[in-house]
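Asks: This is the structure, below, for whatever I ask next.
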Amino acid sequence: MVAILSATLFVSSSIQKDLLNTLEDQPDFTVQRYKAGKVLNTPSAWIDEFLEIKGVTNAQGRVYGTHYYDTLETYFMIVGVDMYETQIVDSLENLLGSIDIDKFQSRKNMIIGAGVKKFLDEYQYYDYYIFRPPDRSQEKVYIYDSLSSESGIMSSDMIIMDIDQARKILGVEDGYVTDIILEVKNQDELQLIKEKLIVSHFNVRIIQKSDIESYYTNLFNYKSGVFLALFLTTLLTFLIILYQRYSMVWYVDSKEIALLRMLGWRIKNIIWLKLGENFVVAFSSYMLGVIFAYIYVFVFNAPLLKNIFLGYKNLSNEVTFAFSLDLSILGLIFLAFVVPFLLAVIIPVYRVAITEPSEVMR
Amino acid sequence: MIKIKALNKQFGSKDDTFHALKNINLEIKAGEVVVINGISGSGKSTLLSIMGAIMKPTSGVVEVDGNNIVSFSDFHASNYRQNRVGFITQSFHLFDAFSVKENLFAALCLSDLSTKEIQIRVQNATQIANISHKLDRVVSTLSGGEKQRTIIARALINEPQIILCDEPTANLDRENSLKFVEIVKKLKEMNKIVVIATHDPIFNELDFVDRVVSMKDGELE
């Protein structure tokens, strides 16, 4: 029971940590061109305009989109990056260990997430994959390297390639990007800069970091519902176990308690004995549960439970959970498990102990 | 010395009362072996339970060496049970999963005795009860007679002055019953008070038994 609770906790905590890490890397603003309720590609020329707004420290165009593999109803997330941008190279080096940009650019190459790699390996695309852009041409792109499954949930279904290559595969015209991201140094100026962006282009949709934060929170809350359902089921099971333990004291332990009383043990001696005995049982179960949960989640990567949280037909579930431990919640489980367990034993023990031993010895 | 005066015990509610003991008066001197005879339900076990402070009477007094054990608090009653009295029960009330030695320790572990003193007591008690050769055997693997001798050793381990035996031979064959009689004889030689509640006629003709009293319907005859 502790193992199920702890495993759920480890998974949810790891996902939450991963999402929060992703959030940290998000830009302050994401600007998209918006018309008649639809998001359109954004002109690259806007980048220079935005850089002229006081307080904006960085503005970059992004090209990304999903590539749909209809046979298996699977989406890949294609992300186009400027391979000569220092920040991008640093991030890729962090993820891959090292990257030779010249070698990468020497032909059409891509870096794929762990989920994409597993999928492509299954269909024997070991070296390359042929994309079919909207202009009906064929784009054969070689697999340069793959990201490890530890690199995070969000990167699992990701394909990283040169921005021009991505533009071609996704059908984004030259001079356009999918959106523009902006960074602002002084967080107090966020509202002012947002207003300036709206004034400069009325047909824009501006997404702030806080919007993404609420999106992730909502997403995580939905997943937390699963956690809650599991938690309640486990709690119910625990209550049944407690009741069983409570009844067991009457039927199994009462003779033993009466015998000890007959031998001269005082009520407090018996309570301490039972408290010690059951604390060892409860604490060992707790520790074993946590260790099993640790092995299940971080060694075996939480089979089944992972699918409950991340979905079955989703490349994102090809992830390895990064160790994340919230001691306060583990402490709470300890208190929620050990204290009721001990009470479920001590109360009937006390009631038996104050009964005349002769009653039980008959 | 044990003095029982006007002892009564009632069970049940006001409307449905059962008088287990009715005005019992009895005096047992140090070193006496007393056999209480009577059929099942005559009140023998109830009387022994009250003498052992594991049951409170409805009224009356049980004085042991001048102290009324009926009015003892839990603390004093526990001390009395630990140091002054040893129980030999009809059923084999033992910790079956433990060894003979561990069962003896259960009666000793609250005392302040040193390891050496404990060893001496274990040796003495098991020798009297003739179970010293099975100290490390788990109780569940012992025969009925051996279990009974373990109970006797446990009753003697704290060197009490009073030994209360409730139907001690009820679950024993003739041979083991005779062995028990020999042990009682040794206890008599050690100047202990032995009270045996039984309906086994084996105790009626023993020369070392000081008194045989009969009980019927909660009264001494």
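If you're matching them up, the sequences are chains B and V in order.
Residue numbers for the first sequence follow my numbering, so the first one is 1 and each next one is one higher.
Residue numbers for the second sequence follow my numbering, so the first one is 363 and each next one is one higher.
Built from N, CA and C at the ideal position, the CB exists for glycine as well.
1. With a Cβ-Cβ cutoff of 8 Å, do Ser146 of chain B and Ala114 of chain B count as a contact?
2. Quick one: give me the first and last residue of the alpha helix (DSSP H) that Asp102 of chain B is part of.
3. Give a yes or no on whether the C-beta atoms belonging to Ala532 of chain V and Ile525 of chain V are separated by under 8 Å.
4. Under the rule that 16 or more other beta-carbon atoms within 10 Å means buried, what is Leu5 of chain B, buried or exposed?
5. In chain B, which residues lie less than 8 Å from Lys418 of chain V when you measure between Cβ atoms?
6. Where does the unbroken alpha helix (DSSP H) through Asp164 of chain B begin, and where does it stop?
7. For the candidate residues V:Lys365, V:Met363, V:Gly400 and V:Lys384, whose alpha-carbon lies nearest to that of Gln372 of chain V?
8. Identify the residues that DSSP records as bridge partners of Lys35 of chain B: which are they?
9. Going along the segment 259 to 281 of chain B in order, which residues come within less than 8 Å of chain V, judged by CB to CB distance?
10. Mapping the DSSP letters down to three states, classify Gln208 of chain B as helix, strand or coil.
11. Do you know how far the Cα of Val2 of chain B is from the Cα of Asp135 of chain B?
12. Do Pro530 of chain V and Thr560 of chain V come within 8 Å of each other at the CB atom, strictly closer than that value?
13. From Thr408 of chain V to Asp253 of chain B, what distance separates their C-alpha atoms?
14. Please say whether Glu195 of chain B and Thr57 of chain B have beta carbons closer to each other than 8 Å?
15. From the beta carbon of Phe467 of chain V, is the nearest beta carbon of chain B less than 8 Å away?
16. Less than 8 Å between the C-beta atoms of Ile181 of chain B and Phe29 of chain B, yes or no?
17. Count the other C-beta atoms from every protein chain shown that fall within 10 angstroms of the C-beta of Val116 of chain B, then say buried if there are 16 or more, exposed otherwise.
18. What does Ser440 of chain V reach in chain B if we use C-beta pairs closer than 7 Å?
19. If we count Cβ pairs, one from each stretch, closer than 8 Å, do we get three or more for the segment 533 to 540 of chain V versus the segment 455 to 471 of chain V?
20. Do Ile271 of chain B and Val349 of chain B come within 8 Å of each other at the CB atom, strictly closer than that value?
21. Tell me which same chain residues have a C-beta within less than 8 Å of the C-beta of Asn584 of chain V, skipping the five on either side of it?
22. Thr74 of chain B lies in the beta strand (DSSP E); which residues open and close that run?
23. Can you tell me which of the three DSSP states Ile240 of chain B falls into?
24. Can you name the start and end residues of the beta strand (DSSP E) that Ile181 of chain B belongs to?
25. With which residues is Thr66 of chain B paired in a DSSP beta bridge?
26. For Tyr442 of chain V, which residues of its own chain have a beta-carbon under 7 Å away from its beta-carbon, when the five flanking residues on both sides are left out?
27. Please list the terminal residues of the continuous alpha helix (DSSP H) segment that includes His561 of chain V.
28. Leaving out the 5 sequence neighbours to the left and right, which residues in its chain are closer than 6 Å to Lys35 of chain B when beta-carbon positions are compared?
29. DSSP three-state label for Thr8 of chain B, please.
30. Could you tell me which whole beta strand (DSSP E) segments of length 3 or greater appear in the segment 443 to 497 of chain V?
31. With burial defined as no fewer than 16 other Cβ atoms inside 10 Å of the residue's Cβ, what is the status of Met287 of chain B: buried or exposed?
32. Say whether chain B places a C-beta atom closer than 8 Å to the C-beta of Phe373 of chain V.
33. To the nearest angstrom, how far is the alpha carbon of Ile163 of chain B from that of Asp188 of chain B?
34. How big is the Cα-Cα spacing for Ser214 of chain B and Ile207 of chain B?
35. Would you please verify whether the beta carbon of Ser502 of chain V is less than 8 Å from any beta carbon of chain B?
36. Is there a C-beta anywhere in chain B that falls below 8 Å from the one on Arg443 of chain V?
Replies: In terms of the structure at hand:
1. yes
2. Ile101 to Gln105
3. no
4. Answer is buried; the Cβ neighbour count reaches 16.
5. Glu356
6. Ile163 to Leu170
7. V:Lys384
8. B:Lys38
9. Leu259, Leu260, Arg261, Met262, Leu263, Gly264, Trp265, Arg266, Ile267 and Asn269
10. strand
11. 56 Å
12. Remark: C-beta atoms of Thr560 of chain V and Pro530 of chain V approach each other more closely than 8 Å.
13. 23 Å
14. Cβ distance not < 8 Å, so Thr57 of chain B and Glu195 of chain B don't count as in contact.
15. no
16. In contact: Ile181 of chain B and Phe29 of chain B (Cβ atoms closer than 8 Å).
17. buried
18. Gly264, Trp265 and Arg266
19. no
20. yes
21. An answer regarding residue 584 of chain V cannot be provided, because it is not within the stretch 363 to 583 covered by chain V.
22. Thr74 to Val81
23. helix
24. Run containing Ile181 of chain B: Asp179 to Val184, per the beta strand (DSSP E) assignment.
25. Answer by DSSP bridge pairing, in chain order: B:Met77.
26. Ala415, Ile431 and Phe434
27. Neither: His561 of chain V is in no alpha helix (DSSP H) and is coded neither H nor E.
28. Asn203
29. helix
30. List check, beta strand (DSSP E) in window: 447 to 450.
31. exposed
32. no
33. 32 Å
34. 11 Å
35. no
36. yes
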